[in-house]
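Written below as structure tokens is the structure these notes are about.
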Amino acid sequence: MILLQVNNISKYFGSDVILSNIKLEVKTKDRVAIVGRNGAGKSTLLKIIAGEYSFDGGELIKPKDVTLGYLAQNTGLQSDSTIWDEYYAIFSHLTAMQDSMRKLELKMTKEEVYSNQAEYDKVMAEYDHLQHTFKEQGGYQFEADIRSILSGLGFKNEDYQTSISALSGGQKTRLALGKLLLTKPDLLILDEPTNHLDIETLSWLERYLQSYPGAVLIVSHDRYFLDQVVNTVYEISNHRHQKFVGNYSKYLELKAAQYEQEMKQFEKQQEEIAKLEDFVQRNIARASTTKRAQSRRKQLEKIDRLDRPQGDDASANFSFSIEKQSGNEVLKVHDVFVGYNRVPTVQSPFTFNVNRGESIALVGPNGVGKSTLLKTIIGDLESLQGDIQFGANVTIGYYDQEQAKLTSNKRVLDELWDEYPLKPEQEIRTILGNFLFSGDDVTKIVSTLSGGEKARLALAKLMMKKANFLILDEPTNHLDLDSKEVLENALIDYPGTILFVSHDRYFMNRLSTNTFELEPNGLTVYLGDYDYYIFKKNETLEKLKAQEEERNSTVQSDTRKTTDYQADKEEKKKQRQIQRRLDELEKTITELESQIEELELELCKPEVYGDYEKVNTITEQKNNLEAQLLESMEEWESLQ
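This is the structure we're talking about:
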């Protein structure tokens with residue numbers, strides 16, 4: 001079933017074209033990604049589909065009964081309610097049904113209903129219909145769904161009564177995502193849903209979206225996430241679109257192959273045109289060959305000339321170099337606790353070394369202290385305990401994930417030039433141009449820049465420092481897919497040492513030589529990239545599981561070997577007692593079921609359901625017997 005059709009949608013902001021003749025189709029179960037540079041119009045297209053923006057041309061077709069759920073970028077849940085109350089309120093229609101069912105149950109016990117068969121049947125029919133609807137809409141499982149979503153997003157049972165207004169921005173963003181997932185719309189529209197998610201939560205979200213019953217439309221810069229989730233990619237570039245079937249890696253492969261094929265066709269046609277033009281030029285003036293030249297000229301005029309294939313838009317172009325090399329030992333961290341207000345973030349101190357040339361990824365759940373550790377290493381925070389020592393000739397370049405130091409009212413040009421006043425203006429402009437700040441962009445005020453622009457400016461400042469030890473906190477945040485690849489290539493070629501925090505698993509795989517995992521109980525070192533780290537983690541879990549099974553098996557074996565005759569006799573005696581009790585219970589259950597059935601038949605007799613007192617007496621007897629039946633069945637199940 002087609003859930004959404006976008007036909008030739010166009011959008012202008014003033015006289016600027018944002019989108020032109022965009023086509024897009026989403027069917028049930030589709031997993032669609034929209035990719036493109038920052039500013040290409042991806043979020044604008046999502047807002048048009050969600051009904052938040054109007055459009056200037058084309059049409060948007062959606063069946064009336066199709067529901068849409070939209071999560072804008074960095075949307076935080078704003079509420080004074082507790083987490084549980086906010087999520088519980090999503091299912092107010094089910095709790096209202098529940099209340100109606102209770103009222104109908106009470107109504108069925110009233111004399112005026114019991115004494116009127118037609119009225120009783122009417123109430124019973126209404127109750128049956130309501131109960132069926134309640135079950136079909138998930139009435140018996142919505143609380144379990146709430147707990148499942150909250151657990152997946154990293155919230156524990158003890159968090160449920162926390163007021164949402166007291167949470168961090170990242171937690172509010174996760175709650176907004178969870179609230180949308182609980183509504184289960186036919187089409188889920190997500191703009192950068194992976195922001196503020198740690199790796200464990202990202203993995204959970206991937207599994208959730210893979211099995212989501214509806215369709216999903218996503219804008220994301222997380223390539224690993226896109227590879228795991230989507231099956232169709234729409235690229236928006238130069239205000240237009242192209243469709244590719246497959247995940248993100250397949251899209252890159254198909255796009256490269258398409259460009260190569262188009263370039264070959266263009267070059268072949270250019271070669272053919274050049275030959276024809278050369279023939280015409282050499283032969284048009286000669287009487288003996290002028291007719292053939294005129295024929296070639298007509299052939300030239302008929303050619304439908306191909307445009308040169310457009311490659312990607314201009315990319316950032318930079319590299320990192322060092323002024324001088326450090327010693328072999330770059331950093332030694334010994335028995336260090338980090339935290340705020342004298343409260344450490346983990347239970348055990350950190351001890352590790354960083355050597356020249358290594359590229360180390362710090363991973364771990366949000367809140368475990370990854371950024372706090374980096375800030376302690378560079379001296380922005382004091383350590384609570386332990387020693388941090390740098391090796392010989394170490395110079396540090398630090399990248400802050402929040403770009404907290406880029407809030408000035410300076411122009412972009414001056415932000416960089418003021419730190420390097422001896423550099424000529426043209427050199428500063430050239431450097432900024434390499435980071436896609438050209439023309440009037442260099443006169444923009446820093447505080448007004450977008451997240452992506454601030455990220456590029458921060459990277460430009462980092463490059464100019466020529467430090468031999470880069471400490472990077474979420475360097476790929478706010479960068480589009482192309483800029484991420486440029487940054488990766490620059491860091492892969494960097495001759496210094498790198499210590500970085502990232503949730504971008506694709507980035508970590510390409511860059512890291514070692515992986516340090518921070519957990520509440522301490523730090524573990526893995527001598528490989530992210531995939532190696534996951535492999536070793538799973539291997540360790542499998543070993544622990546096998547050891548546990550082996551211990552259990554050994555215990556059982558030893559128990560069997562040491563079981564003497566008396567213990568065996570006692571066990572058999574216990575089994576006989578259980579069996580006798582089971583036989584008694586089965587007999588009791590049969591008798592109770594028979595008695596309940598007799599009472600139900602009694603209630604159907606006219607002389608009974610017309611007598612309010614008799615109905616109440618028999619109903620009370622029936623309820624007591626049902627309670628006894630339930631108790632007997634629970635004991636039977638327990639013994640079984």
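Under full-length UniProt numbering, the residue at position 321 of the sequence shown is numbered 321, and the numbers go up by one with no gaps.
Backbone N, C-alpha and C fix where the C-beta goes; we use that ideal spot for every residue, glycine too.
Sequence-distant partners of Glu200 (beyond 5 residues in either direction) whose C-beta falls short of 7 Å from its own C-beta, in its chain, are Pro365. Secondary-structure assignment with DSSP links Lys332 through a beta bridge to Asn353, Gln389. The shortest C-alpha to C-alpha distance from Lys62 to any of Leu3, Leu226, Val338 is the one to Leu3. The region 244-257 makes contact with the region 214-229, as at least three CB pairs between them are under 8 Å. Annotation for Ile378: Ile396, Tyr398, Ile471 place their beta carbon closer than 7 Å to its own, counting only its chain and skipping 5 residues before and after.
Counting every other CB atom within 10 Å of its CB across the protein chains shown gives Lys454 a total of 16 or more, marking it as buried. Taking every protein chain shown into account, the CB of Asn238 has fewer than 16 other CB atoms within 10 angstroms, so this residue is exposed. At a cut-off of 3 residues, the continuous stretches assigned as beta strand (DSSP E) that sit fully inside the region 390-458 are 396-399. Rounded to whole angstroms, the separation of the alpha carbons of Tyr530 and Glu517 is 10 Å. Residues Lys11, Tyr12, Gly41, Thr44, His239 of the same chain have their beta carbon placed closer than 8 Å to that of Ile18, with the five preceding and five following residues left out of the count.
Its Cα nearest to that of Thr194, the residue His478 stands out among Thr617, Thr540, His478. If you draw a straight line from the Cα of Lys255 to the Cα of Arg505, it comes to about 22 Å.
Contact between the region 444-461 and the region 342-362 is absent, with fewer than three C-beta pairs closer than 8 Å. Within the same chain, and ignoring the five residues on either side of Asp473 in sequence, the residues whose Cβ sits closer than 7 Å to its Cβ are Ser371, Leu374, Tyr399, Asp400, Gln401, Val501.
Annotation: the continuous alpha helix (DSSP H) that includes Thr201 extends over 199-210. Contact between Gly522 and Val363 is absent: CB atoms are separated by about 14 Å, not below the 8 Å threshold. Sequence-distant partners of Arg411 (beyond 5 residues in either direction) whose C-beta falls short of 6 Å from its own C-beta, in its chain, are Thr443. The DSSP assignment places complete beta strand (DSSP E) segments of no fewer than 3 residues inside the region 147-229 at 187-191, 215-219, in order along the chain.
Between the region 169-177 and the region 143-156 there are three or more C-beta pairs closer than 8 Å, enough to call the two in contact. With respect to the 7 Å criterion, Ser632 and Leu599 are not classified as neighbours on the basis of their beta carbons. Contact check for Thr513 against Tyr533 fails: the beta carbons are separated by 7 Å or more. Closest by C-alpha distance to Ile303, out of Gln269, Arg292, Gly327, Ser638, is Gln269. Val66 sits in coil when the DSSP states are folded into three classes, being neither helix nor strand. Here Phe55 carries a coil assignment [DSSP, helix/strand/coil].
For Val486, the three-state secondary structure derived from DSSP is helix.
Around the beta carbon of Tyr340, fewer than 16 other beta carbons sit within 10 angstroms, so the residue counts as exposed. In terms of CA proximity to Phe279, Gln299 leads the group Lys264, Gln299, Gln261. In this structure, Asp80 lies near Ser165, with their beta-carbon atoms less than 7 Å apart.
Going by beta carbons, Leu276 and Arg296 fall inside the 7 Å limit.
Comparing C-alpha distances from Ile34 to each of Gly14, His241, Ser383 shows the shortest one belongs to His241. Within the same chain, and ignoring the five residues on either side of Ala467 in sequence, the residues whose Cβ sits closer than 6 Å to its Cβ are Thr395, Ile396, Gly397. For Leu71, the closest of Leu167, Pro185, Leu24, Ser148 by C-alpha to C-alpha distance is Pro185.
Taking C-alpha positions only, Tyr140 is separated from Thr95 by approximately 11 Å.
A Cβ-Cβ contact shorter than 7 Å links Asn434 with Phe318.
Residue burial is scored here from C-beta neighbours: Glu571 has fewer than 16 other C-beta atoms within 10 angstroms and is therefore classed as exposed. Within the region 468-541, the complete beta strand (DSSP E) segments at least 3 residues long are 469-473, 497-501, 514-519, 522-526, listed from N- to C-terminus.
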